[in-house]
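Shown next, in structure tokens, is the structure this report addresses.
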Amino acid sequence: EDQVTQSPEALRLQEGESSSLNCSYTVSGLRGLFWYRQDPGKGPEFLFTLYSAGEEKEKERLKATLTKKESFLHITAPKPEDSATYLCAVQARGQGNLIFGKGTKLSVKP
Amino acid sequence: EAGVTQFPSHSVIEKGQTVTLRCDPISGHDNLYWYRRVMGKEIKFLLHFVKESKQDESGMPNNRFLAERTGGTYSTLKVQPAELEDSGVYFCASSQDPNTMDGGTEAFFGQGTRLTVV
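Chains as they are written, first to last, in our numbering: chain A, -7 to 102; chain B, 10 to 127.
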């Protein structure tokens, strides 16, 4: 069964304190792995797509990496505005839909 | 460019009533998806349209849910009759056609409709 597990469920950081979020997945043929950011009361906002092991993508203070079993979202020197829930999702080959994890709720305190 | 738009943003209905949710995808996006998040759970897939055709409806919970996509443009999701367990946030997403290589294509989400059945 295709499955996505994210850890930790919640993470509290001080401003400037770098850390990583984990996304472990099992899928019958990975088509793509997606990271989204979700703010309260809003829909998921697309961040990155990773397609193959070893791939990395960066955007401002965020960097996403991918292995054959997991993905990491590294947050460097976070700011309070980075506070949100970060969602990981996979898309299996031959499928259009996304399989989501429960997300990691990140809080960054000034 | 306008993003994915959903109406209404909130709906509170009584058990047994009917509710219709609407989604306007990004113009030109052939793929349209409905998802749902119930409290404490992950976002789960309901169904996938390609243009006006249902590509995959394996996530639809039961026959009280009916989705349509008129002319391959906007989509509606009707729940009739609503039950308490239907409460949650319903998201719509759209994406362009995937390319022919083995790569996914990002889906853009609306802000969601929060449905409360009392």
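Note that the Cβ used here is the ideal one computed from N, Cα and C, for glycine as well.
Looking at the strands, I want to know which residues DSSP matches up with residue i.
| i | result |
| --- | --- |
| Ser36 (chain B) | Ser36 (chain B) is not bridged to any residue. |
| Ile52 (chain B) | Beta-bridge pairing links Ile52 (chain B) to no other residue. |
| Asp65 (chain B) | B:His57 |
| Thr41 (chain A) | A:Phe26 |
| Asn89 (chain A) | Beta-bridge pairing links Asn89 (chain A) to no other residue. |
| Leu54 (chain A) | A:Lys51, A:Ile67 |
| Thr122 (chain B) | B:Tyr99 |
| Val13 (chain B) | In the DSSP output, where bridge partners are listed per residue, Val13 (chain B) has none listed. |
To the nearest angstrom, how far is the alpha carbon of residue i from that of residue j?
| i | j | result |
| --- | --- | --- |
| Phe74 (chain B) | Lys60 (chain A) | 36 Å |
| Lys131 (chain B) | Val88 (chain B) | Look at the range of chain B in this structure, 10 to 127, and you will see that residue 131 (chain B) is not part of it. |
| Leu41 (chain B) | Ala91 (chain B) | 23 Å |
| Phe117 (chain B) | Arg29 (chain A) | 12 Å |
| Gly12 (chain B) | Gly35 (chain A) | 11 Å |
| Thr82 (chain B) | Arg53 (chain A) | 37 Å |
| Gln64 (chain B) | Val28 (chain B) | 23 Å |
| Thr109 (chain B) | Pro102 (chain A) | Unreliable positioning characterises Thr109 (chain B) in this predicted model, as indicated by a pLDDT of 43, which lies under 50. A coordinate reading is not provided. |
| Gly8 (chain A) | Thr68 (chain A) | 7 Å |
| Tyr17 (chain A) | Ser36 (chain B) | 32 Å |
| Thr114 (chain B) | Glu47 (chain A) | 16 Å |
| Thr125 (chain B) | Val98 (chain B) | 9 Å |
| Glu61 (chain B) | Leu25 (chain A) | 27 Å |
| Cys15 (chain A) | Val47 (chain B) | 21 Å |
| Leu3 (chain A) | Thr79 (chain B) | 43 Å |
| Ser63 (chain A) | Gln26 (chain B) | 43 Å |
| Arg45 (chain B) | Phe100 (chain B) | 6 Å |
| Ser67 (chain B) | Ser20 (chain A) | 17 Å |
| Ser12 (chain A) | His66 (chain A) | 4 Å |
| Pro17 (chain B) | Gly121 (chain B) | 8 Å |
| Tyr78 (chain A) | Phe38 (chain A) | 10 Å |
| Asp39 (chain B) | Ala81 (chain A) | 21 Å |
Just reading off the beta strand (DSSP E) that residue i is part of, what are its end residues?
| i | result |
| --- | --- |
| Glu69 (chain A) | Here the sequence assigns Ala to residue 69 (chain A), which means Glu is not the residue at that position. Here Ala69 (chain A) belongs to no beta strand (DSSP E), and DSSP marks it neither H nor E. |
| Glu48 (chain A) | 48 to 51 |
| Tyr83 (chain B) | Segment: none, Tyr83 (chain B) is in no beta strand (DSSP E) and carries neither H nor E. |
| Gly97 (chain B) | 97 to 104 |
| Asn14 (chain A) | 11 to 18 |
| Lys97 (chain A) | 96 to 101 |
| Thr77 (chain A) | 76 to 84 |
| Gln(-2) (chain A) | -5 to -1 |
| Arg4 (chain A) | 2 to 6 |
Can you tell me whether residue i sits near the ligand FAD, meaning its C-beta is under 8 Å from at least one heavy atom of the ligand?
| i | result |
| --- | --- |
| Tyr42 (chain B) | Although the ligand FAD was asked about, the structure shown includes no ligands whatsoever. |
### Chain-ordered residues of the segment 23 to 41 of chain A with a beta carbon less than 7 Å from chain B
Arg23, Gly24, Phe26, Lys34, Gly35, Pro36, Phe38, Thr41
### Task
Return the residues of the segment 4 to 17 of chain A that lie within a Cβ-Cβ distance of less than 9 Å from chain B, sorted by chain order.
none
### Message
Using a Cβ-Cβ cutoff of 9 Å, what residues of the segment 72 to 99 of chain A are near chain B? List them in chain order.
### Response
Leu79, Ala81, Val82, Gln83, Arg85, Gln87, Gly88, Asn89, Leu90, Ile91, Phe92, Gly93, Lys94, Gly95
### chain A contacts made by the segment 46 to 57 of chain B, where a contact means CB separation under 8 Å
Lys50, Glu51, Ile52, Lys53, Phe54, His57
#### Entry: Near-chain A residues of the segment 84 to 106 of chain B (beta-carbon distance less than 7 Å), N- to C-terminal order
Phe100
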